[in-house]
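Trainee:
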Amino acid sequence: MLTQRQVRLAWLMVLPTLLVVVLVAGYPLAQVFYGSFFKADIAFVEPPEFVGLENYLYLLQDPDFRQALWNTLRFTAISVSLETVLGLAIALIIHSNFKGRGLVRTAILIPWAIPTVVSAKMWQWMLHDVYGIVNILGVKLGILAHKVAFLARPELLLPSIIAVDVWKTTPFMALLLLAGLQLIPEELYEAASIDGATRWQQFWTITLPLLTPALVVALIFRTLDALRVFDVIFVMSGVNPATRSLAIYNRQTLIHFQDLGYGSAISVAILVLIFLFVVLYMRTVGKEALK
């Protein structure tokens, strides 16, 4: 048990960091929350008008907001699920001993190291329906019957963006899970092998339970990042309503429409959504896993 003196010392040591967080994050957040109760434009051509909960009530009725929320939730659910499964598979592969393991570990980080805007623009060219390499190779290899306009057909646009995000971010998930795998003692696998456990049984009884803390951390980080996704969607499809995320709709409201009050309300809604997901993770698997 920590003594009162140790607790007081711990608070004194973290106090400078807490002050920095309050100044850097807390004050702007309070300003956004405060501004959400006003009707105001960015240029303040007219004096701000207090409207109370009017912005939030309109938020509940706004079809553009609901569509952006649905796009964001779809993007998050599909991309995070695929990245977790693929990241775990890659982590298990590069965790094993084989020749050239170091080179493979370095190579898989290349997509993650490329800035998101650069990778999104690169894939936008590669998926072009006329001169994109994906269509050219797809037709030549017989995978595609004809060239496909991946970024022009509404039913293919969001899946294409999700595929680009999975290509970009799966190495990040693999890296986090690899760190968790390296903390599992090899003696446990040796003992399980002696007892006759198969590789599949070892995975379910040893690897997955002991990897759960790292898995939860990876899921939280990746989910929070996906819920505020902006760059990859904005570069590849702009403000297209079929793919527009909450962050893009927020930016459009603030910059294009110059509606500071309603834009602040959307920002608060994004914050609440992220908070709810964190609580959901911690109440389901996170609390027990991180003990």
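Under our numbering, the first residue of the sequence shown is numbered 19, with each subsequent residue one higher.
By construction, the Cβ of each residue, glycine as well, lies at the ideal position given by its N, Cα and C atoms.
Could you compute how far the alpha carbon of Asp243 sits from the alpha carbon of Pro65?
Mentor: About 35 Å.
Trainee: Taking one C-beta from the region 118–135 and one from the region 186–194 each time, how about it: are there three or more such pairs within less than 8 Å?
Mentor: At 8 Å Cβ cutoff, the stretches touch.
Trainee: Flag this pair as yes or no: are the beta carbons of Ile96 and Ile108 separated by less than 8 Å?
Mentor: Contact: no.
Trainee: Looking at the structure shown, is Lys186 part of a helix, part of a strand, or coil, going by DSSP?
Mentor: Helix, per DSSP.
Trainee: Find out if the Cβ-Cβ distance for the pair Phe295, Leu245 is shorter than 8 Å.
Mentor: A contact, by the Cβ cut-off of 8 Å.
Trainee: Distance check for Leu264 and Val50, CA to CA, integer angstroms please.
Mentor: The alpha-carbon atoms of Val50 and Leu264 are separated by roughly 16 Å.
Trainee: Once DSSP output is grouped into helix, strand and coil, what is the label at Asp277?
Mentor: Looking at Asp277 - three-state DSSP - the assignment turns out to be strand.
Trainee: Counting only the same chain and skipping the five closest in sequence on each side, list residues whose C-beta sits under 6 Å from that of Tyr74.
Mentor: Only Ala283 meet the Cβ criterion.
Trainee: To which residues of the same chain is Leu104 closer than 8 Å at the C-beta, ignoring the five residues directly before and after it?
Mentor: So the qualifying residues of the chain are Val184, Thr188, Met191, Ala192.
Trainee: In the DSSP assignment, the alpha helix (DSSP H) including Glu72 goes from what residue to what residue?
Mentor: That run of the alpha helix (DSSP H) goes 72–79.
Trainee: Out of curiosity, what's the CA-to-CA distance linking Gly256 and His274?
Mentor: If I take the Cα positions, the gap works out to 13 Å.
Trainee: Sort Phe68, Thr261, Ser285 by Cα distance to Ile172 and report the nearest one.
Mentor: For clarity, residue 172 is Pro in the given sequence; the question names Ile instead. Nearest of Phe68, Thr261, Ser285 to Pro172, Cα basis: Thr261.
Trainee: So the candidates are Ala138, Thr124, Ile251, Thr223; which of them puts its Cα closest to the Cα of Thr94?
Mentor: When only C-alpha atoms are compared, the closest one is Ile251.
Trainee: Where does Glu101 sit, in a helix, a strand or coil, going by DSSP?
Mentor: Helix, per DSSP.
Trainee: Counting along the chain, where does the alpha helix (DSSP H) carrying Tyr149 start and finish?
Mentor: Premise fails: Tyr149 is in no alpha helix (DSSP H) and is neither H nor E.
Trainee: For a minimum of 4 consecutive residues, which ranges assigned as the alpha helix (DSSP H) are wholly contained in the region 209–293?
Mentor: Qualifying alpha helix (DSSP H) stretches, in chain order: 217–220, 226–245, 249–255, 264–269.
Trainee: Considering only the beta carbon of each residue, do Gly279 and Ser54 sit closer than 8 Å?
Mentor: Their beta carbons are under 8 Å apart, which means Gly279 touches Ser54 by this criterion.
Trainee: Based on Cα-Cα distance, which residue from Phe56, Leu100, Gly214, Ala210 lies nearest to Glu72?
Mentor: The shortest C-alpha separation from Glu72 is found at Phe56.
Trainee: Considering Cα atoms alone, identify which of Val182, Gly198, Gln276 is closest to Leu100.
Mentor: It is Val182 whose Cα lies nearest to the Cα of Leu100.
Trainee: Evaluate Met213 with the Cβ neighbour count: other Cβ atoms within 10 Å of its Cβ, from every protein chain shown; 16 or more gives buried, anything less gives exposed.
Mentor: The sequence shown places Asp at residue 213, not Met. Per the 10 Å Cβ criterion, exposed.
Trainee: Rounded to the nearest angstrom, how far is the Cβ of Leu194 from that of Ala232, given a contact under 8 Å?
Mentor: 6 Å between Cβ atoms; contact.
Trainee: For Trp143 and Ile179, what's the separation of their Cα atoms in angstroms?
Mentor: Computed Cα separation, rounded: 13 Å.
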